[in-house]
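In the working numbering, the protein residues as written are 16 to 133. Just below is one structure, and these are the notes that go with it.
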């Protein structure tokens with residue numbers, strides 16, 4: 016357990032995982048027209064549990080919790096990206112990312128005020 020873990024708890028790891036997931040979902044959206052592209056996503060709960068485990072790292076947890084998305088309507092060219100699904104997942108994850116970031120900013124602000132003696 017590091018100093019950052021004591022201060023921020025699970026929120027630092029959650030922010031890093033949500034950032035990884037945003038990148039993955041953005042990649043899915045960018046490749047919506049790429050033949051044969053397989054949409055991927057991170058199982059956030061599984062990744063967070065793995066990152067919190069003994070010796071767990073955010074990068075390893077994100078990699079181990081990556082799954083291929085199964086489309087509702089497969090494309091003839093083998094692409095599994097469903098744009099509406101990806102955009103919805105991206106928007107939901109972006110809101111969760113912003114919420115976690117706001118919490119951490121509040122925590123840092125509180126610590127800064129405490130150090131200044133305010």
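Each residue gets a CB set at the ideal place from its N, CA and C atoms; glycine is no exception.
Report the partner residues of residue 81 according to the DSSP bridge assignment.
57
Pairwise C-alpha distance: residue 130 and residue 95:
51 Å
For residue 27, the three-state DSSP class (helix, strand or coil):
helix
Taking just the CA atoms, how far does residue 93 sit from residue 84?
12 Å
Have a look at residue 69 and residue 76 and give me their C-alpha separation to the nearest angstrom.
12 Å
Give the straight-line distance between the Cα atoms of residue 64 and residue 80, rounded to the nearest whole angstrom.
10 Å
Using the Cβ count rule (16 or more neighbours within 10 Å means buried), how would you classify residue 124?
exposed
Distance, residue 98 Cα to residue 44 Cα
6 Å
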